[in-house]
Amino acid sequence: MCSLLPTPLTGQRITMENVVSVFRRHNVPQEPGIVMIDIDSCDLWVFLGLTEVFRPRVVQIEYNRHLRFADNLTLDCRAGGKPGTTDSELYGASIHAIAASAEARGYAVAWVERCFDVFLVRSDLVCPGSKLPNLDAFKSFTLHDGGCLDPWGEFASPATAQERQSVFLDLSSTPTSLRKGDR
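Here the working numbering is used: position 128 in the sequence shown is 239, and no number is missing along the way.
Here it is in structure tokens:
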């Protein structure tokens, strides 16, 4: 059965701090069918905030195509962190950062859309034996590792190594995934 929310959630600024209260205010069910997160900024952090309380069946989350496939990086949106900018490559998270955080939250990567989004399915809904063994099939889905063969290509201004280091958090050096206490 499909039901629409009485009030659209469009036009609201969503952050990791307010996503749960916004969903509650709009009476979103605890287990919505799908949630799409595409804010060109703290997408991963919104997912982490959301999944502390809500358990969507499917989550579609934008990744940063400008980060290399092997990167395990996310924009550091913890307290004091700044949101990314849409005119630079300093936004969002890498495929691996999303996958690692999703697994820690009880989600599995089901698919990656070339250059755009990672599709997550709640792990309890994944058929036994059908979980992807790794993410290698998506290695060419970033700008640097095979290219994004779409009309947009490289649409952001390149950042310096110093700029990248000042805004991205390397999750490979962060114990476990970003739990509530790590904020």
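Backbone N, C-alpha and C fix where the C-beta goes; we use that ideal spot for every residue, glycine too.
These numbers were taken from a predicted model, which means no experiment stands behind them.
Burial state of residue i, where buried means 16 or more other Cβ atoms lie within 10 Å
| i | result |
| --- | --- |
| T185 | buried |
| R176 | buried |
| N183 | buried |
| T253 | buried |
| S283 | exposed |
| W156 | buried |
Spatial distance of residue i from residue j (CA atoms)
| i | j | result |
| --- | --- | --- |
| S241 | Q141 | 25 angstroms |
| A211 | V229 | 12 angstroms |
| A213 | L231 | 7 angstroms |
| V131 | T162 | 9 angstroms |
| S205 | Y174 | 6 angstroms |
Beta-carbon separation (whole angstroms), residue i vs residue j, contact threshold 8 angstroms
| i | j | result |
| --- | --- | --- |
| D149 | Y202 | Actually they do not touch by this definition, with Cβ atoms about 11 angstroms apart. |
| L236 | V220 | At roughly 13 angstroms, the Cβ-Cβ gap does not stay under 8 angstroms, so L236 and V220 are not in contact. |
| R166 | R233 | 6 angstroms |
| I172 | D154 | 5 angstroms |
| Q123 | V139 | Wrong, their Cβ atoms sit about 12 angstroms apart, outside the cutoff. |
Selection from the options that minimises the alpha carbon distance to residue i
| i | options | result |
| --- | --- | --- |
| V169 | F134, G160, G217 and S284 | G217 |
| G257 | A270, R179, T271 and S205 | R179 |
Inset, instruction - Entirely within the segment 161-222 and at least 3 residues each: give me those beta strand (DSSP E) ranges in chain order. - result: 169-173 and 184-186
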